[in-house]
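For the sequence shown, my numbering begins at 50 and goes up steadily by one.
Ideal Cβ positions, reconstructed from N, Cα and C, are used throughout, including at glycine.
What follows is a short report on a single structure.
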Amino acid sequence: MNDLVCPLDFRYGRRELKELFGEKRRLQFLLDVEAALARAHARVRNIPKEAADEIIRKASIKYVDVERVKEIEAEIKHDIMAVTRALSEQCEGDAGKYVHLGATSYDIVDTANALQFAEATDFIQKG
50 MNDLVCPLDF RYGRRELKEL FGEKRRLQFL LDVEAALARA HARVRNIPKE AADEIIRKAS
110 IKYVDVERVK EIEAEIKHDI MAVTRALSEQ CEGDAGKYVH LGATSYDIVD TANALQFAEA
170 TDFIQKG
């Protein structure tokens, strides 16, 4: 039995918070950060605008499947690189090579956490 205790235990949590901290939403937060990174790189001309547009367009769970991310992670044993590879696979042309450019895994994770916690805080404060 797992001895970890989480205040967001799915047995007692509210449906909205369960969804917010679920796999699909978590993946979407990570993809949102990758999209923002591409947008910022394009703004300062580090990457072609067309590549950033493609990354932004494909940085969605509509294109990047949770199950595909899990497959890649099982192979490479790295969660964030699995996300970036799955996103890169969906990008057309050479846009995929610009995914995650200049970022560390924790640049992505910490920013996604902040976005997720901010949304959770807003939800809780609204009651």
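Out of curiosity, what's the CA-to-CA distance linking residue i and residue j?
{"i": "residue 131", "j": "residue 138", "result": "11 angstroms"}
{"i": "residue 51", "j": "residue 157", "result": "Only weak support exists for where residue 51 lies, its pLDDT of 48 falling under 50; the value from the coordinates is given anyway. Rounded to the nearest angstrom, the two C-alpha atoms are 27 angstroms apart."}
{"i": "residue 112", "j": "residue 93", "result": "27 angstroms"}
{"i": "residue 126", "j": "residue 69", "result": "25 angstroms"}
{"i": "residue 86", "j": "residue 76", "result": "15 angstroms"}
{"i": "residue 97", "j": "residue 63", "result": "43 angstroms"}
{"i": "residue 122", "j": "residue 73", "result": "15 angstroms"}
{"i": "residue 162", "j": "residue 155", "result": "10 angstroms"}
{"i": "residue 175", "j": "residue 60", "result": "22 angstroms"}
{"i": "residue 67", "j": "residue 147", "result": "32 angstroms"}
{"i": "residue 78", "j": "residue 124", "result": "23 angstroms"}
{"i": "residue 71", "j": "residue 153", "result": "23 angstroms"}
Taking C-alpha atoms, which residue in the options lies nearest to residue i?
{"i": "residue 105", "options": "90, 118, 124, 119", "result": "90"}
{"i": "residue 99", "options": "121, 66, 143", "result": "143"}
{"i": "residue 145", "options": "70, 102, 71", "result": "102"}
{"i": "residue 80", "options": "97, 164, 127, 124", "result": "164"}
{"i": "residue 110", "options": "162, 160, 135, 64", "result": "135"}
{"i": "residue 95", "options": "154, 150, 161", "result": "150"}
{"i": "residue 108", "options": "72, 174, 133, 62", "result": "133"}
{"i": "residue 129", "options": "174, 88, 97, 83", "result": "83"}
Query raised in the report: Do the stretch 108-119 and the stretch 152-170 make contact, defined as three or more Cβ pairs closer than 8 angstroms?
Result: no
Requested in this report: Can you check the stretch 91-126 for any alpha helix (DSSP H) of at least 4 residues that lies completely inside it and give the ranges in chain order?
Outcome: 98-107, 115-125
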